[in-house]
Ligand SMILES: [Zn+2]
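Numbering (UniProt numbering), first residue to last: 1 to 225.
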């Protein structure tokens with residue numbers, strides 16, 4: 001393939017935990033090109049003779065593109081860069097040919113601080129956290145828990161990622177609520193008939209009222225509730 005493969009294999013910059021059958025967790029070294037700037041790791045596959053297959057997403061392609069390779073060779077990743085993103089390929093080659101500095105491999109923390117994808121990742125993580133808090137009715141203070149914040153950063157592989165505070169979460173939930181209410185109102189306005197049922201209950205000394213709404217729509221939207 002490419003003579004760059006062997007050299008690249010020694011340029012591993014980050015590690016990722018994988019689970020083997022039987023629940024054993026191991027870590028694999030990723031090729032240096034999977035740096036969350038050009039490529040981000042999608043998944044790891046089978047490990048044979050110490051080589052693990054990996055799939056990564058090209059962050060430079062509009063809409064992303066999945067490239068497959070393994071931990072010992074990054075030829076496919078380099079090939080894609082050379083063919084589709086020549087400027088990035090030149091920059092990559094230039095950087096590789098430079099003598100190593102004190103900090104040969106940039107830490108994940110440093111990488112994240114310059115990544116343009118970080119803000120998108122943060123937004124997505126914040127949204128997923130909000131959905132978790134709402135759907136599982138967790139207290140808003142969940143986002144203040146150091147262990148929870150650590151878990152989110154770990155799952156996102158972004159040690160430096162900003163996670164929303166409790167106040168921001170509250171604002172986001174209110175905004176989301178307004179969005180849902182207006183979307184539902186719009187939908188209900190277009191109906192001729194609907195059926196309402198209600199239920200009341202109490203829990204932990206608090207009273208609740210649940211209202212369920214059913215309606216029937218004509219084809220292609222057969223039924224919604
Ligand atoms: Zn690409």
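All C-beta atoms in this analysis are idealised placements derived from N, C-alpha and C, irrespective of residue type, glycine included.
Within its chain, find whatever has a CB closer than 6 Å to the CB of residue 153; leave out the 5 residues flanking it on each side and keep chain order. Taking the chain shown and counting its residues from 1, the one referred to as residue 153 is at position 153. Taken in chain order, the residues that qualify are 159 and 161.
I need the straight-line Cα distance from residue 66 to residue 183, nearest angstrom please. By one-based count along the chain shown, residue 66 stands at place 66. By one-based count along the chain shown, residue 183 stands at place 183. If I take the Cα positions, the gap works out to 35 Å.
Closer than 7 Å: residue 41 CB and nearest ligand 1 heavy atom: Indexing the chain shown from 1 puts residue 41 at position 41. Not under cutoff, so the answer is no.
Should residue 77 go down as buried or exposed, given a rule of 16 or more other Cβ atoms within 10 Å for buried? In the chain shown, counting from the first residue as 1, residue 77 sits at position 77. Buried is the call here.
Using a 10 Å radius around the Cβ and a threshold of 16 neighbouring Cβ atoms, would you call residue 175 buried or exposed? Here residue 175 corresponds to residue number 175 of the chain shown, with the count starting at 1. By the 10 Å Cβ count, residue 175 comes out exposed.
Euclidean distance between Cα positions of residue 293 and residue 215: Here the chain comprises residues numbered 1 to 225, so residue 293 is not present and cannot be evaluated.
Under a Cβ-count criterion, where at least 16 other Cβ atoms within 10 Å of its own Cβ denotes burial, should residue 193 be classed as buried or exposed? Counted from its first residue, the chain shown places residue 193 at position 193. Exposed.
Only counting the same chain, and skipping five residues up and downstream in sequence, which positions put a Cβ closer than 6 Å to that of residue 96? Looking up residue 96 in the chain shown gives position 96. Contacts found: none.
Among residues of its own chain, excluding the 5 on either side of residue 130, which ones have a beta-carbon nearer than 7 Å to its beta-carbon? In the chain shown, residue 130 corresponds to position 130, counting from 1. Once the five neighbours on either side are set aside, the close Cβ partners of residue 130 are 169, 172, 173 and 176.
DSSP three-state assignment for residue 126, whether helix, strand or coil: Here residue 126 refers to the residue found at position 126 when the chain shown is read from its first residue. Note: residue 126 maps to helix in three-state DSSP.
Cβ neighbours of residue 212 in the same chain (closer than 6 Å, five flanking residues each side left out): For this step, residue 212 is matched to residue 212 along the chain shown. Contacts found: 197.
Cutting at 8 Å between CB atoms, please list the residues of its own chain near residue 141, excluding the five before and the five after it. One-based indexing of the chain shown puts residue 141 at position 141. Only 166 meet the Cβ criterion.
DSSP bridge partner residues for residue 39 (one or two, in chain order): Position 39 of the chain shown, counted from the first residue, corresponds to residue 39. 58, per the DSSP bridge assignment.
Between residue 186 and residue 180, what straight-line distance do the alpha-carbon atoms span, to the nearest angstrom? As a first step, residue 186 is located in the chain shown; it is residue number 186 there, counting from the start. As a first step, residue 180 is located in the chain shown; it is residue number 180 there, counting from the start. Each residue's alpha carbon lies about 10 Å from the other.
Would residue 61 pass as a contact of residue 84 if the rule is Cβ separation under 8 Å? In the chain shown, the residue the question calls residue 61 occupies position 61. In the chain shown, the residue the question calls residue 84 occupies position 84. Yes; because the gap between Cβ atoms is below 8 Å, this pair is in contact.
I'd like to confirm the pairing. Which residues does DSSP put opposite residue 208 in its beta bridges? Position 208 of the chain shown, counted from the start, is the residue given in the question as residue 208. According to DSSP, which records beta bridges pairwise, residue 208 is partnered with 201.
Kindly indicate which three-state DSSP category residue 73 falls into: helix, strand or coil? Working through the chain shown from its first residue, we reach residue 73 at position 73. Three-state result, residue 73: coil.
So which of 136, 157, 146 and 55 has the shortest CA-CA distance to residue 125? Taking the first residue of the chain shown as 1, we reach residue 125 at position 125. For residue 125, the nearest C-alpha among the options comes from 157.
Is it true that the CB of residue 92 sits closer than 8 Å to the CB of residue 33? Translated into positions along the chain shown, residue 33 becomes position 33. Translated into positions along the chain shown, residue 92 becomes position 92. Yes. Within cutoff.
Return the CA-CA distance between residue 155 and residue 148, expressed in angstroms with no decimal places. If you number the chain shown from 1, residue 155 lands on position 155. If you number the chain shown from 1, residue 148 lands on position 148. About 11 Å.
Buried or exposed (CB count within 10 angstroms, at least 16 for buried), residue 207: For the purposes of this step, residue 207 is taken as the residue at position 207 of the chain shown. With fewer than 16 other Cβ atoms within 10 Å, it is exposed.
Where residue 33 sits in the DSSP three-state scheme: Taking the first residue of the chain shown as position 1, residue 33 is located at position 33. Residue 33 falls in the coil class under three-state DSSP.
Euclidean distance between Cα positions of residue 55 and residue 144: Taking the chain shown and counting its residues from 1, the one referred to as residue 55 is at position 55. Taking the chain shown and counting its residues from 1, the one referred to as residue 144 is at position 144. Residue 55 and residue 144: Cα-Cα distance of roughly 34 Å.
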